[in-house]
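Here is the structure we will look at.
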Amino acid sequence: MTRYINKAYVAVYSYPELEYITTMEDERAAIAGSWNAYNGIFQTESGNMYTFSNTSIANGFTENSTKKAAFLHIPKGTTQFDDYYFDVETAARGLKPVHLQYLGNGKFFAQVSTLQSEEMTRWADKELKACIIDVKEKTVKDNGIRKLPSVISH
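For the sequence shown, the numbering used here begins at 523 and goes up steadily by one.
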């Protein structure tokens with residue numbers, strides 16, 4: 523059971539020593555990432571980082587979070603979140619991204635669930651739709667892309 527799901531956490535370690543430095547916390551978003559999806563933290567070309575929380579029961583959350591699916595931002599060389607917040611769930615008209623792949627220049631290819639939270643079942647990648655998320659412009663575009671097949675290979 524995952525506890526403390528309504529806050530984002532990022533542990534910071536030195537490299538290459540791997541000595542613990544601090545833990546960043548932010549109450550604007552839920553925990554970053556999801557089980558076996560490798561979508562919690564992304565580094566951009568400039569060295570800035572984005573955390574992503576999808577808050578989706580379909581990706582292993584033990585309960586639905588009270589937070590919306592969202593991105594937070596960590597500026598390069600810092601150990602704290604800045605004031606950037608992108609409520610991607612609202613921008614996607616209530617849909618939750620369940621898988622992300624960083625494309626570059628602040629854009630992500632995303633697979634979003636077309637099911638509402640109460641319709642989702644645990645560990646279920648079904649009823650997905652493809653879209654492009656732009657974290658710089660805070661937009662989600664699907665350009666009429668149809669639903670994806672129910673079976674997605676990771």
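Here a beta-carbon is modelled for each residue, glycine too, at the ideal position from N, C-alpha and C.
Below 8 angstroms CB to CB, which residues in the same chain sit around residue i once its five sequence neighbours on both sides are set aside?
{"i": "Gly569", "result": "Lys598 and Gly599"}
{"i": "Glu567", "result": "Gly626 and Asn627"}
Could you check if residue i is buried or exposed, using at least 16 other CB atoms within 10 Å of its CB as the buried criterion?
{"i": "Asn561", "result": "buried"}
{"i": "Ala591", "result": "buried"}
{"i": "Leu594", "result": "buried"}
{"i": "Ser536", "result": "exposed"}
{"i": "Thr601", "result": "exposed"}
{"i": "Tyr542", "result": "exposed"}
{"i": "Leu622", "result": "buried"}
{"i": "Pro671", "result": "Any reading at Pro671 needs caution, since the residue's pLDDT is 46, under 50, leaving its predicted position unreliable; the model's value is listed next. Pro671 comes out exposed."}
{"i": "Tyr526", "result": "exposed"}
I'd like the list of long-range same chain contacts for residue i, defined as Cβ closer than 6 angstroms, with 5 residues on each side in sequence excluded.
{"i": "Val673", "result": "Below a pLDDT of 50, predicted positions are generally treated as unreliable, and Val673, at 42, falls in that range; no measurement from the model is reported."}
{"i": "Lys589", "result": "Asn528, Ala551, Ala552 and Thr577"}
{"i": "Tyr624", "result": "Phe564 and Phe630"}
{"i": "Lys658", "result": "Gly628"}
{"i": "Ile540", "result": "One detail in the question is off: residue 540 reads as Leu in this sequence, not Ile. If we look at Leu540 and ignore the five residues flanking it on each side, it has no Cβ neighbours."}
{"i": "Ala632", "result": "Pro619, Leu622, Cys653 and Ile655"}
{"i": "Pro538", "result": "none"}
Pick from the options: whose alpha carbon is nearest that of residue i?
{"i": "Ala663", "options": "Tyr624, Arg615 and Gln623", "result": "The question names Ala, but residue 663 is Lys in the sequence shown. If we check each option's Cα against that of Lys663, Arg615 comes out closest."}
{"i": "Glu547", "options": "Asp604, Lys660, Thr588 and Gln633", "result": "Asp604"}
{"i": "Thr612", "options": "Lys660, Gln633 and Leu622", "result": "Lys660"}
{"i": "Tyr606", "options": "Tyr526, Thr573, Ala632 and Leu622", "result": "Thr573"}
{"i": "Ala545", "options": "Ala533, Ile655 and Phe608", "result": "Going by the sequence as given, residue 545 is Thr instead of Ala. When each option's Cα is compared against that of Thr545, the closest is Ala533."}
{"i": "Glu549", "options": "Ala632, Gln633 and Ser575", "result": "Ser575"}
{"i": "Ala554", "options": "Ile596, Glu539 and Leu540", "result": "Ile596"}
{"i": "Ser587", "options": "Cys653, Ala530 and Ala652", "result": "Ala530"}
Would you list the one or two residues that DSSP bridges to residue i?
{"i": "Ile596", "result": "Met571"}
{"i": "Glu547", "result": "Tyr531"}
{"i": "Val634", "result": "Pro619 and Lys651"}
{"i": "Lys629", "result": "Gly626 and Asp656"}
{"i": "Tyr526", "result": "According to DSSP, Tyr526 bridges with nothing at all."}
{"i": "Asp604", "result": "According to DSSP, Asp604 bridges with nothing at all."}
In its own chain, which residues sit with a C-beta less than 7 angstroms from the C-beta of residue i, not counting the 5 before and 5 after it?
{"i": "Val610", "result": "Ala591, Ala592, Phe593, Pro619, Ile655 and Val662"}
{"i": "Thr571", "result": "Looking at the sequence provided, one finds Met at residue 571 rather than Thr. Once the five neighbours on either side are set aside, the close Cβ partners of Met571 are Ile563, Phe564, Gln565 and Ile596."}
{"i": "Phe608", "result": "Ala592, Phe593, Val657 and Lys660"}
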